[in-house]
Amino acid sequence: MMSPVPGLLSSAARSFSLSCPAAGLLCCRLRGPGSGTRRNMSSKRQMDHLERTASNTRQNALYPAQVCGIINESETVKRLRLAVDPDFSFKAGQWVDFFIPGVETVGGFSMCSSPGLLQREGIVELAVKYAKHPPAHWVHTTCTVGSEVAMRVGGDFFFDPSPSDPSVDLLLVAGGVGINPLYSILLHTSDLLHINRASGGQDYNIGSAHLCYSAKNTQELLFKNSITEVCREFPDKFSCDFYVTQPSTDVDLNLQPFLSRGRITEEELRARVDPQRTLCFLCGPPPMIEAISKTLMDFGLPKDRILFEKWW
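Residue numbering for the sequence shown follows this note's numbering, starting at 443 and increasing by one per position.
Next comes the structure, spelled out in structure tokens:
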């Protein structure tokens, strides 16, 4: 495990400021707080990340980072481990503006690791699906261990309870790589449960957390083994259902108890909704988000308890 090295990171910052065309743009496009978790994304033209998130809250600071590990999470997804500046911080569910020296387009990737990993090891992780979009393409074709980038945290989609907050039951609904911020939230909730256990129940009132996760096939179910491990560690708190729309015949026996064919059903969602206690986080393709949001509201879940992040 690599910890941040101040000399390397300050060198990365100097390199970034000199060679990234978007650095100057960044300085004059700092934005104030947005209007909550919802964004207007009705344009037929696919907007770049900075345009799409123009109304979202952002930190002011831009931090250098260095790639210290690359993992093939699936055939189409690479997970980057990044050593970051000691002052870097984020909330579970947030994303980063991802600046690559020599690449003008700014990426937008959700953290898939927990704030706890950052505190323990000085590491954040991003899982990036292959695409022709320049930042994702760079991750899959050019990025190596030692590559230097810069990142700035943003987003109004996060779970960050205080120790004294009342308990809520989380419903996490993910489609495809929309799992990334929800996996961060799941890991953060697990960390809080460990804190609660260590304090004898004095810190954090954590309710239950249920994950509904849909993907094309089991290979594209990212982090599935870690997710089921968390469910087995806290069986009274965590549960999950995986859905595959194009199932393959070869399925790990450990996965079978959690696996269903087809899409997430209304019956499954209804069983998980308590209008007084449920807080729902959704992340996935826009049509999925819109359909599930409507279904949840039909079940009586208030609109302000349905938070979502759309990926394109």
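We treat Cβ as the ideally placed atom computed from N, Cα and C, and that holds for glycine.
Close beta carbons around residue i, own chain, < 6 Å, minus the five adjacent residues each side
i	result
L613	H652, R714, T720, C722
D633	S556, G558
C654	V615, D683, I706
V672	S632, F680
L568	L522, F551
P727	G617
L504	A592, R594
L492	V548
S604	none
S650	D611, K679
Residue i in three-state terms, based on DSSP
i	result
E567	strand
Q508	strand
D611	strand
V672	helix
W753	coil
A592	strand
D539	strand
D683	strand
E515	coil
G449	Caution applies to G449, whose pLDDT of 45 falls short of 50 and renders its modelled position unreliable; the model cannot decide the point.
V581	helix
G549	strand
K520	strand
G544	coil
Min CB distance residue i to chain C below 7 Å
i	result
P689	Within the model displayed, chain C is absent; a lone protein chain is all it includes.
Residues near residue i in its chain [Cβ-Cβ closer than 8 Å; skip 5 each side]
i	result
S641	none
E708	T737
D746	none
A733	none
D490	T547, V548
Cut-off 7 Å between Cβ atoms - residues of its own chain near residue i, not counting five sequence neighbours on either side
i	result
A657	G618, L663, V686
C470	Any answer about C470 is weak, because its pLDDT of 27 lies below 50 and its placement is not dependable; what the coordinates show is given next. So no residue of the chain qualifies.
I731	L724, F750, K752
Y572	T518, A578, H582
F600	K533, A534, G535, Q536
R712	F741
N638	D645, Y646, I648
N406	In the structure displayed, the chain extends from 443 to 754; residue 406 sits before or after that span and is not available.
E710	C654, D683
W580	I542, V545
G620	C725, G726, W753
Residue i beta carbon near the ligand GTP (any heavy atom closer than 6 Å)
i	result
Q536	For the structure depicted, the ligand GTP is absent and the ligand set is empty, with no information on it obtainable.
Expected contact under 8 Å - CB spacing of residue i and residue j to nearest Å
i	j	result
S606	I648	That belief does not hold up - the Cβ atoms of S606 and I648 are roughly 13 Å apart, past 8 Å.
F759	A592	There is no way to answer for residue 759, as the model of the chain reaches only from 443 to 754.
T670	S690	About 18 Å; that fails the 8 Å criterion.
Y625	C554	5 Å
G564	A525	6 Å
R494	G596	Actually they are not in contact, since the Cβ atoms of R494 and G596 sit about 11 Å apart, beyond 8 Å.
F676	L635	6 Å
V566	K520	Not a contact, Cβ separation roughly 15 Å.
ask   = With a cut-off of 8 Å, do at least 3 Cβ pairs link the segment 725-743 to the segment 583-593?
value = No, the segment 725-743 is not in contact with the segment 583-593.
inquiry  = Suppose only complete runs of 3+ residues qualify. What are the beta strand (DSSP E) ranges in the segment 701-738, listed by chain order?
reply    = Secondary structure in the segment 701-738: the beta strand (DSSP E) runs of 3 residues or longer, each lying completely within the stretch, are 701-703, 720-726 in chain order.
ask   = Whole beta strand (DSSP E) runs in the segment 616-660 with 3 or more residues, listed along the chain?
value = With a minimum length of 3 residues, the continuous beta strand (DSSP E) runs that stay inside the segment 616-660 are 651-657.
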